[in-house]
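The number in our numbering is simply the position in the sequence shown, starting from 1, with 1143 added.
In what follows, a single structure is set out as structure tokens and then discussed.
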Amino acid sequence: MQLLFFLIVYPILWLVSILPFRLLYALSDCIYVLVYYVIGYRRRIVKQNLLLAFPDKSPAERLSIEKKSYRHMCDMFLEMIKTMTISPDEMNRRFTYANLDVYLEMEDRGKSIALMCAHYASYEWVISMNSKIRFRGFAIYKQIANKYFDKLVRDIRSKFDAALITTKETRTVIQHNISNNILAVYGFASDQSPKLSKAQHWANFMGVYSPIHTGAETLAKKYDMNVIFLKVK
């Protein structure tokens, strides 16, 4: 069943990925209408969260933020698909880095690096950073249940020399690299809420007392890594 689903969906994803960017974003606008107005995907939850985060804003202001967030989500989803066929040259033209020297100075300190980022904007395109740095890059991700799509994601990332490691493999890979004197940068996107049963730290986030992922901090301390935050916009 996994293979059948993959064989049905993959050609569609590939066709979307070869669209010029102008058509890609036009398709994103159509998907936005479908997701927001027709399906109404998680609209009730989004409204509740915006009310918690912005209680002082007017209903009209929150509605504007809500619609923009859905447009952003659709753009981001299609940009992820575009990664299947985008060339390294086009990636470098569209995804640029400011203050890269700050990161490179960290490499000069001779310690591995924990790079923090969020699931926001074209965060998937951070993999293009590998062509600009000296350390080996590892992107930490949650393994996809469908093994065929999981392999597809790994193949896409490897095109930009990024090695994917699952959350369960992280400690083992870090320890292996340390044992072999391999300096590396590990990408963490840890802005989602952990399971309540595993929550060890809570903090005020946009006015809401929320559980916070602490895995990257714990690993950085244990393995003496420098930490840097990469903001994508």
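Ideal Cβ positions, reconstructed from N, Cα and C, are used throughout, including at glycine.
Integer-rounded CB distance, given that residue j should sit under 8 angstroms from residue i
i, j, result
"A1327", "F1281", "6 angstroms"
"I1287", "Y1329", "Between Y1329 and I1287 the Cβ distance is about 19 angstroms, and since that is not below 8 angstroms, they are no contact."
C-alpha distance - residue i paired with residue j, whole-angstrom precision
i, j, result
"A1342", "L1166", "42 angstroms"
"I1317", "T1361", "13 angstroms"
"K1285", "M1144", "21 angstroms"
"W1157", "L1221", "11 angstroms"
"P1337", "T1309", "16 angstroms"
"I1155", "Y1184", "21 angstroms"
"R1237", "H1262", "18 angstroms"
Counted within 10 angstroms of its Cβ, other Cβ atoms place residue i as buried (16 or more) or exposed
i, result
"S1255", "buried"
"S1274", "exposed"
"M1345", "Here residue 1345 turns out to be Trp, not Met, going by the sequence shown. So W1345 counts as exposed."
Local conformation of residue i per DSSP, three classes
i, result
"M1259", "strand"
"R1237", "helix"
"H1344", "strand"
"N1273", "helix"
"R1314", "helix"
"I1224", "helix"
"F1372", "strand"
"F1303", "coil"
"Y1291", "helix"
- Message: Counting beta carbon pairs with one atom in the stretch 1299 to 1311 and one in the stretch 1263 to 1279, are three or more of them shorter than 8 angstroms?
- Response: yes
- Query: Are at least three pairs of beta-carbons, each pair with one atom in the stretch 1179 to 1196 and one in the stretch 1205 to 1213, less than 8 angstroms apart?
  - Reply: yes
- When the Cβ atoms of the stretch 1245 to 1260 are set against those of the stretch 1190 to 1200, are three or more pairs found closer than 8 angstroms? no
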